[in-house]
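Numbering (UniProt numbering), first residue to last: 1 to 288. Ideal Cβ positions, reconstructed from N, Cα and C, are used throughout, including at glycine. Read through the structure below, which is laid out as structure tokens, and then see the notes.
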């Protein structure tokens with residue numbers, strides 16, 4: 001019970017940060033564009049800003065979208081050095097229809113969609129910034145398409161699922177037990193019934209991996225990652241324990257691990273300036 005209460009308090013703060021992130025995505029420059037691109041049979045929504053030579057793709061978390069998850073990054077990442085693209089994975093945000101489903105290969109499907117979207121937009125090589133579920137998608141994309149990925153930053157990501165992880169997710173399955181303030185941002189995107197249905201389906205989708213050997217989502221792919229990788233972990237993350245970040249660091253050759261002592265799961269929203277500088281410095285290392 002104490003664990004569920006703690007997670008509920010976190011989600012309240014997290015959704016407040018999401019509301020600020022949505023506000024931060026209001027148009028701010030003439031170089032900003034948005035649209036839909038047909039990819040693998042679906043119309044994927046994206047937003048693009050900046051005009052730098054180094055292309056970055058932002059990959060959102062569970063049920064997340066460009067507008068809910070990456071406002072401070074779209075607004076403040078260096079527009080001269082980077083071209084920043086945010087996208088809504090199929091079934092999320094403005095990439096509907098189709099409605100979202102969670103087959104066992106949904107992360108693989110998202111990885112292919114993400115890479116094919118960037119190719120369709122004309123980017124031959126690019127870097128990935130992936131948060132939470134988006135971090136898992138980024139790991140798979142980097143392993144499956146090594147020649148296309150320049151550099152990668154992931155945070156709040158995991159390569160496997162434990163029974164403890166599943167207990168955490170089950171504790172917040174019923175969104176109608178959340179406060180109205182907690183539900184509001186995603187209900188504004190999906191509507192109350194669709195949000196509740198999709199969230200429950202996400203919990204079930206994650207539970208599938210617990211039946212695989214070692215609860216693997218993508219353990220076997222980690223040794224295939226060749227691009228320079230920065231793993232960021234909030235040491236107070238109540239969603240993804242620190243052990244997951246250390247596992248990634250151990251199994252991705254040459255990767256760097258950066259711990260943020262006060263960071264939680266949404267560290268890129270709560271500590272946006274610090275995170276953006278950290279990401280920019282790492283990404284710019286590849287340009288020198």
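Within a Cβ cutoff of 7 Å, which residues of the same chain sit near residue i, ignoring the five residues on either side of it in sequence?
{"i": "residue 137", "result": "59, 107, 110, 111, 114 and 130"}
{"i": "residue 133", "result": "61 and 62"}
{"i": "residue 196", "result": "175 and 176"}
{"i": "residue 187", "result": "195"}
{"i": "residue 123", "result": "55"}
{"i": "residue 202", "result": "62, 63 and 102"}
{"i": "residue 249", "result": "231, 255 and 257"}
{"i": "residue 69", "result": "21, 60, 61 and 131"}
{"i": "residue 169", "result": "203 and 206"}
State the DSSP-derived secondary structure class of residue i, mapped to helix, strand or coil.
{"i": "residue 200", "result": "helix"}
{"i": "residue 169", "result": "helix"}
{"i": "residue 246", "result": "helix"}
{"i": "residue 104", "result": "coil"}
{"i": "residue 139", "result": "helix"}
{"i": "residue 160", "result": "strand"}
{"i": "residue 180", "result": "helix"}
{"i": "residue 82", "result": "strand"}
{"i": "residue 95", "result": "coil"}
{"i": "residue 272", "result": "helix"}
{"i": "residue 121", "result": "coil"}
{"i": "residue 65", "result": "coil"}
Considering only the beta carbon of each residue, do residue i and residue j sit closer than 8 Å?
{"i": "residue 265", "j": "residue 238", "result": "yes"}
{"i": "residue 290", "j": "residue 65", "result": "Outside the shown range of the chain, which is 1 to 288, sits residue 290, and nothing can be said about it."}
{"i": "residue 39", "j": "residue 117", "result": "yes"}
{"i": "residue 272", "j": "residue 89", "result": "no"}
Could you please give me the residues that DSSP links to residue i through a beta bridge?
{"i": "residue 149", "result": "126"}
{"i": "residue 45", "result": "36"}
{"i": "residue 258", "result": "232"}
{"i": "residue 87", "result": "46"}
{"i": "residue 154", "result": "130 and 231"}
{"i": "residue 55", "result": "83"}
Leaving out five residues on either side along the sequence, give the residues of the same chain with a beta carbon under 6 Å from the beta carbon of residue i.
{"i": "residue 228", "result": "151"}
{"i": "residue 143", "result": "221, 224 and 225"}
{"i": "residue 76", "result": "276"}
{"i": "residue 214", "result": "160"}
{"i": "residue 139", "result": "218"}
{"i": "residue 263", "result": "234"}
Apart from the five residues just before and just after residue i, which ones in its own chain have a Cβ nearer than 8 Å to its Cβ?
{"i": "residue 146", "result": "224, 225, 226 and 227"}
{"i": "residue 78", "result": "50, 52 and 280"}
{"i": "residue 251", "result": "159, 219, 222 and 223"}
contact_flag[the segment 230-244, the segment 198-217] where n(CB pairs < 8 Å) is 3 or more
By the Cβ criterion, the segment 230-244 is not in contact with the segment 198-217, since fewer than three pairs of Cβ atoms, one from each stretch, lie closer than 8 Å.
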